[in-house]
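J.:
This is how it looks when you write it as structure tokens:
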């Protein structure tokens, strides 16, 4: 829904630079879709940081959250897609690896907090993506069986999580993940606008 990956990359790059490390593209692609704490653990080990994962996450969050109100943008086509879904009377949920503090801030920043009937975040589940936990929690809060859920995902780990939850998954790859393997997705579309145009077909597949 939101173009948060460039902002996350910037924040992590700033943290690593403080300790004389540089975040390369390959390593950043490894954490796409992971919870922040899981990304922090990977970075601490990979770059031998003199920090615990919790400390690294706190440093990243200070930068990231401060920048969200001025720098976070919705992905192109999000608002028309939400309107199209609302017109069909479908319950909507957010299932994300992000933690609740960020998610609530992001939804407020974009003015779409009232569009979703349920939110499930990475800090509310025992296992992050590719485990299905956050998707199953979102479905439970929506009161919708997992098999009746249609998921939009921008990262392969998220696609794997949605499939593990027994849900139909459409991939809309982010620019950072454009070259990744999305073969687990039921369908791959280039944009949220393409999702909107194919919406009736996608919902029919999931009915």
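Numbering (my numbering), first residue to last: 14 to 220. The beta-carbon is built from N, C-alpha and C at its ideal position, and this holds for glycine as well. Owing to the predicted nature of the structure, the values given are computational and were not obtained by experimental measurement.
Restricting to runs no shorter than 3 residues, where is the beta strand (DSSP E) found entirely within the stretch 122-156?
T.: Listed in chain order, they are 131-133.
J.: With DSSP run on the structure shown, which of helix, strand or coil describes residue 197?
T.: Within the chain shown, numbered from 1, the residue matching residue 197 stands at position 184. In the structure shown, residue 197 sits in coil (DSSP, three-state: anything other than H, G, I, E or B).
J.: Whose CA, out of 162, 156, 163, 187, lies closest to the CA of residue 169?
T.: The residue given as residue 169 occupies position 156 in the chain shown. It is 187.
J.: What residues are listed by DSSP as bridge partners for residue 182?
T.: On the chain shown, position 169 is the one that residue 182 refers to. Per DSSP, 164.
J.: May I ask you to report which of helix, strand or coil DSSP gives residue 39?
T.: Here the question's residue 39 lines up with position 26 in the chain shown. Looking at residue 39 - three-state DSSP - the assignment turns out to be helix.
J.: Which of helix, strand or coil does DSSP assign to residue 218?
T.: Along the chain shown, read from residue 1 onward, the residue named residue 218 stands at position 205. In this structure, residue 218 counts as helix in the three-state DSSP scheme.
J.: For residue 71, report the span of its alpha helix (DSSP H) as first-last.
T.: Working through the chain shown from its first residue, we reach residue 71 at position 58. 66-84 is the extent of the alpha helix (DSSP H) around residue 71.
J.: How big is the Cα-Cα spacing for residue 217 and residue 162?
T.: If you number the chain shown from 1, residue 217 lands on position 204. If you number the chain shown from 1, residue 162 lands on position 149. Those two C-alpha atoms are separated by around 12 Å.
J.: Output the distance between the C-alpha atoms of residue 45 and residue 55, rounded to the nearest integer angstrom.
T.: As a position in the chain shown, residue 45 is number 32, starting the count at 1. As a position in the chain shown, residue 55 is number 42, starting the count at 1. The alpha-carbon atoms of residue 45 and residue 55 are separated by roughly 12 Å.
J.: Using a threshold of 8 Å, state whether the C-beta atoms of residue 120 and residue 133 are closer than that.
T.: What you label residue 120 is simply residue 107 of the chain shown in a count that begins at 1. What you label residue 133 is simply residue 120 of the chain shown in a count that begins at 1. The answer is no: Cβ separation not under 8 Å.
J.: Starting from residue 108 and walking both ways along the alpha helix (DSSP H), at which residues does that stretch end?
T.: Taking the first residue of the chain shown as position 1, residue 108 is located at position 95. From DSSP, residue 108 is part of no alpha helix (DSSP H) but of the beta strand (DSSP E) over 106-108.
J.: Which same chain residues, not among the five before or five after residue 14, have their C-beta less than 7 Å away from its C-beta?
T.: Position 1 of the chain shown, counted from the start, is the residue given in the question as residue 14. Here the set comprises 87, 88, 91.
J.: Just the Cα atoms here: how many angstroms apart are residue 78 and residue 17?
T.: On the chain shown, residue 78 is found 65 positions in, with the first residue counted as 1. On the chain shown, residue 17 is found 4 positions in, with the first residue counted as 1. When rounded, the distance between both Cα atoms is 11 Å.
J.: Buried or exposed: where does residue 198 fall if 16 or more other Cβ atoms within 10 Å of its Cβ makes it buried?
T.: For this step, residue 198 is matched to residue 185 along the chain shown. With 16 or more other Cβ atoms within 10 Å, it is buried.
J.: How is the alpha helix (DSSP H) around residue 46 delimited, first residue to last?
T.: Numbered from 1 along the chain shown, position 33 holds the residue referred to as residue 46. Careful: residue 46 lies outside any alpha helix (DSSP H) and carries neither H nor E.
J.: In the DSSP assignment, find the alpha helix (DSSP H) that holds residue 27 and state where it starts and stops.
T.: Counting from 1 along the chain shown, the entry for residue 27 is found at position 14. It spans 18-31 - the alpha helix (DSSP H) in which residue 27 sits, taken as one unbroken run.
J.: Around the C-beta of residue 140, are 16 or more other C-beta atoms found within 10 angstroms, so that it is buried, or is it exposed?
T.: In the chain shown, residue 140 corresponds to position 127, counting from 1. Residue 140 is exposed by the Cβ-count criterion.
J.: Should residue 190 and residue 84 be called a contact, given that it needs their Cβ atoms to be closer than 8 Å?
T.: Position 177 of the chain shown, counted from the first residue, corresponds to residue 190. Position 71 of the chain shown, counted from the first residue, corresponds to residue 84. No, the Cβ-Cβ distance between residue 190 and residue 84 is not below 8 Å.
J.: For residue 103 and residue 30, what's the separation of their Cα atoms in angstroms?
T.: Translated into positions along the chain shown, residue 103 becomes position 90. Translated into positions along the chain shown, residue 30 becomes position 17. For residue 103 and residue 30, the distance between alpha carbons rounds to 45 Å.
J.: Based on Cα-Cα distance, which residue from 196, 81, 62 lies nearest to residue 24?
T.: Within the chain shown, numbered from 1, the residue matching residue 24 stands at position 11. When each option's Cα is compared against that of residue 24, the closest is 81.
J.: Under the DSSP definition of a beta bridge, which residues are partnered with residue 87?
T.: In the chain shown, the residue the question calls residue 87 occupies position 74. Answer is 15.
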